[in-house]
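Below you'll find the structure, written out as structure tokens, and then a few comments.
Below you can see the structure in the form of structure tokens.
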């Protein structure tokens, strides 16, 4: 939303809006990014990996290993049933296979005990920010890559400043920006932020047992993940994706307390016990090792994609 539109909506001056935005950005680590279409940019093999170590590793070394891998888009350090969650994306299946074996070998030196990969079949809700460092994998021109890199640093940059950063004139910048939109490399823009203090971020991998009624299970899941009530945050679930492999789904959410997170999972288990019972690998997010947390202004009622018979 432009500053002038925000000023009108809030009934305050543009200067006041700009000042408040800067305060919010500083205090909460807010950043504005484009929502990029990984598949259109040439990354079509997304996976998650659930990792467990024998003992606590040197996380500085683990971070360095992950950061040096272009395929890694996000890595979360967790505490619970697993120690690390990796989100990766590659251009082809052979490239993913090489990444998988190479990363396993590197982490084995740090005490790897368990490696459980799953392919992301489709996204139901939320998005995964892409690392600027991995843009070299994109199947696009250098001019397009340069503009996307600047936008990924700060998508609120004025067009005149964008032109200066790229060393081109204003009209050329507008043309190239519109070209990115027309090719559907950019699906929209949103805000990401640091993990909020005094709140609990939790994630869980689910494995569903044979269902008695897949259609009913799909509808229950949609109702659960898009529901809001007085006792929950406006958008407590930030990401939900369906998987193929070691697990059937992955969910990421923010809760007031660890107890609230556990209660939510227990509530879902109770709702599904007669139609689609499931087991859960559950952990709290301690922080990020690589990438940006997908904490954005998710509207689950608008975003959630239901696939009847698939959950």
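Residue numbers (UniProt numbering): 1 to 311. Using N, Cα and C, we set each Cβ at its ideal position, and we do this for glycine too. Remember, it's a predicted structure, so these values are computed and weren't measured experimentally.
Comparing C-alpha distances from residue 190 to each of 2, 32, 26 shows the shortest one belongs to 32. Between the beta-carbon of residue 252 and that of residue 239 there is about 4 angstroms, and that keeps the pair under the 8 angstroms contact cut.
Residue environment: residue 86 is assigned as buried (16 or more neighbouring CB atoms within 10 Å of its CB, all protein chains considered). Apart from the 5 residues on each side of it in sequence, residue 155 sits with its Cβ closer than 6 angstroms to the Cβ of 32, 33, 34, 189 in its chain, given in chain order. Annotation for residue 268: the continuous alpha helix (DSSP H) segment containing it runs 258-272. For residue 278, no alpha helix (DSSP H) encloses it; the enclosing beta strand (DSSP E) starts and ends at 278-290.
Taking C-alpha positions only, residue 51 is separated from residue 10 by approximately 45 angstroms. Assignment of beta strand (DSSP E) within the stretch 32-94, counting only whole runs of 3 or more residues, yields 45-53, 72-80, 84-90 in chain order. The Cβ atoms of residue 226 and residue 301 sit closer than 8 angstroms to each other.
Residue 99 is bridged by DSSP to nothing; it lacks a bridge partner. Contact between the stretch 38-51 and the stretch 89-99 is present, with at least three C-beta pairs closer than 8 angstroms. With 16 or more other Cβ atoms from the protein chains shown falling within 10 Å of its own Cβ, residue 248 counts as buried.
In the DSSP assignment, residue 191 forms a beta bridge with 32.
Under DSSP, residue 202 takes part in a beta bridge, and its partners are 253, 284. Within its own chain, the residues whose Cβ lies closer than 6 angstroms to the Cβ of residue 114, once the five positions on either side in sequence are excluded, are 52, listed in chain order. Between residue 104 and the set 65, 133, 157, the nearest pair of CA atoms involves 65. Per DSSP, reduced to three states, the secondary structure at residue 236 is coil, with no helix or strand assignment.
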